[in-house]
Amino acid sequence: MSTSLLYLLIPVGVGAGIYLIRKLRELQWGWVRNNFSLRGKVYIVTGSNTGLGYETAKALVARQATVIMACRNMEKASHAIAKIRQKTSEGELIPLELDLASFESIHKFAAEIKAKYPTFDCLINNAGLAMQTPQYTKENYEVHFGVNHLGHFLLVDLLKDNIKNNSARVVVVSSKMHEKNAKVDFENLGKWVDRARGDRFNNLYNNSKLMNFYFARELYKKGYDAHVLCPGLCHTDFFRDYNPKWYHYVLFSPVVWLMLRSAKQGAQNIIHCATENINTAEKNPATGYYIANVKQTKSKVAFDDLVSERLWKESVREINEHKK
Ligand SMILES: NC(=O)c1ccc[n+]([C@@H]2O[C@H](COP(=O)([O-])OP(=O)(O)OC[C@H]3O[C@@H](n4cnc5c(N)ncnc54)[C@H](OP(=O)(O)O)[C@@H]3O)[C@@H](O)[C@H]2O)c1
C-alpha cells in the first residue's frame, strides 16, 4: 500500500470510528416512547425560554398540554413561544415572569399560579446556571445556592398546598455533577467560595446539584411525587459564562462531540420524569435513584439523612428570614 493512501485511510478510519461510537452512544441516551395526549394537563417549566426547558415545553405542548413558561425575561419567553409556534399549534403556552434570584418575584409568580392555575399537574424545576465569577441574588445569596437550590425551594414551599391537594408531580433537574467533589457546605451555605488552588472550576455548581438531589429526596420522603434526573451533557446556552480558548476547541472537540447531546435529546429525561410513573418503593430519589439516559440509575453518592434534614431546615430558616 502506498504511503499517501495510508495517510488518507488513517484519518478516514479514525473519523468513521468516532462517528460509529457517537451513533452507538446516541442509542444509549434513549428517547421517550410514550406519546399519549396531555390535553387538560398543566405543566409549569422554569427556565423554558431556552435549552432543555425550551425543548421540554415544546414537546409537552405538541402533546396538547398547557405549559406555563416560567421565565425571568419576558422578551425571551415571547421569542421562544414564537419559535415553538412555527412547529406546532397544539396546546397552550403561557408566559409568566419568574426570577428565581428574587424572593419578591417568586412570591408574585406563586400568587399568580394559585389564583389562575391552582390545579396544575406538574412543576418542573429546570432553571439553573453555572458562573465563573461571584454573582448574587437579590437576597444576597451566591447564585448557585440562591437560584439552583433556594429559589426553587421557596417556589415549592409557596405552592405546597396546591401540589399536595392535586398530587401534582415535582420534577427536579439535577446533574451527574452531584457526584463530582460535591458537598453541602453548611459552613458557607449561600456564600461564594473561590475555587481551590489547582482546580479549574469552583464546586458551587456541583454542590447546588447535590442539593437538588437532597431536595428531591426529602420531598419524596415527605410524600411528594418527586422525581430527579440528569439530562447528560447537552448543547444549550448553559456554558455561556465559560470562555474557552481556541486550543480548547481543537483539543476537546472530538471528545465533546462524542459526549454532547442535543438539547432535544437531553430533555427526554425531563419529559420522561414528567409523563411516566417511574418511582417504586425500591427505586426512588430517597433510595438514591434518578433518571439518566431515560432509565433509572443509582447515584454513586452515599446520601446522608442528617444532611438531607439539615439542608431542609436551613433552607426553611433562610426563606423565613426574608418574610415580610
Ligand atoms: N446543559 C447541560 O449539559 C446540563 C447538564 C446537566 C444538568 N443541566 C441542568 O439543566 C438545567 C437547564 O440547563 P440548560 O442546559 O437548558 O441551560 P440554559 O440553556 O442556560 O437554560 C437555563 C435556563 O434557566 C434560566 N434561568 C437562569 N437563571 C434564572 C433565574 N434567576 N430565574 C429564572 N430562570 C433562570 C435561563 O434563563 P435566561 O435565558 O434568561 O438566562 C434559561 O431559561 C439546569 O438546571 C442545569 O443545571 C444541564
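Residue numbers for the sequence shown follow this note's numbering, beginning at 525 and rising by one. Every residue gets a Cβ at the ideal spot worked out from N, C-alpha and C, and that includes glycine. What you are looking at is a predicted structure, and each value in this text was computed from that prediction instead of being measured.
Helix, strand or coil at residue i [DSSP, three-state]
i: Asn649; result: strand
i: Leu784; result: coil
i: Glu800; result: coil
i: Lys824; result: coil
i: Arg721; result: coil
i: Ala540; result: helix
i: Ala810; result: helix
i: Lys819; result: strand
Own chain, CB closer than 7 Å to residue i, minus 5 neighbours either side, in chain order
i: Arg834; result: Phe710
i: His846; result: Phe627 and Glu663
i: Ser629; result: Glu621, Leu622 and Asp623
8 Å contact criterion, which residue i and residue j should meet: CB distance rounded
i: Arg719; j: Cys758; result: Rounded, the Cβ-Cβ distance is 23 Å, inconsistent with contact.
i: Val697; j: Pro755; result: 7 Å
i: Val818; j: Gly554; result: 3 Å
i: Arg693; j: Cys646; result: 4 Å
i: Leu674; j: Tyr665; result: 6 Å
i: Ile802; j: Gln820; result: 7 Å
i: Glu842; j: Gly714; result: 7 Å
Residues near residue i by beta carbon distance below 8 Å, same chain, minus five either side
i: Ile795; result: Val556, Thr580, Ala583 and Leu584
i: Lys632; result: Glu621
i: Asn573; result: Met593, Cys595, Asn597, Lys600, Ala601, His603 and Ala604
Contact set for residue i: own chain, Cβ-Cβ below 6 Å, skip 5 residues either direction
i: Glu703; result: Lys824 and Val825
i: Leu571; result: Rather than Leu, the amino acid found at residue 571 in this sequence is Gly. Correct list, in chain order: Gly577, Asn650 and Ala651.
i: Val695; result: Ile648, His751, Cys797 and Ala798
i: Thr643; result: Asn690
Requested in this report: Could you tell me which uninterrupted beta strand (DSSP E) segments, each at least 3 residues in length, are contained entirely in the segment 553-623, listed from first to last along the chain?
Outcome: 566-570, 590-595 and 616-621
Query raised in the report: Below 8 Å, can you find three or more Cβ-Cβ pairs linking the segment 617-633 to the segment 547-554?
Result: no
Report task. Count the CB pairs spanning the segment 723-733 and the segment 693-711 that are closer than 8 Å, and state whether there are at least three. Result -> The segment 723-733 and the segment 693-711 touch, with no fewer than 3 CB-CB distances between them shorter than 8 Å.
Query raised in the report: Which ranges would you report for the beta strand (DSSP E) in the segment 723-786 if only whole runs of at least 3 residues count?
Result: 749-753
Query raised in the report: Taking contact to mean at least 3 C-beta pairs separated by less than 8 Å, is the segment 801-815 in contact with the segment 670-690?
Result: no
Query raised in the report: What runs of the beta strand (DSSP E), each 3 residues or longer, lie entirely inside the segment 642-701?
Result: 646-649 and 693-697
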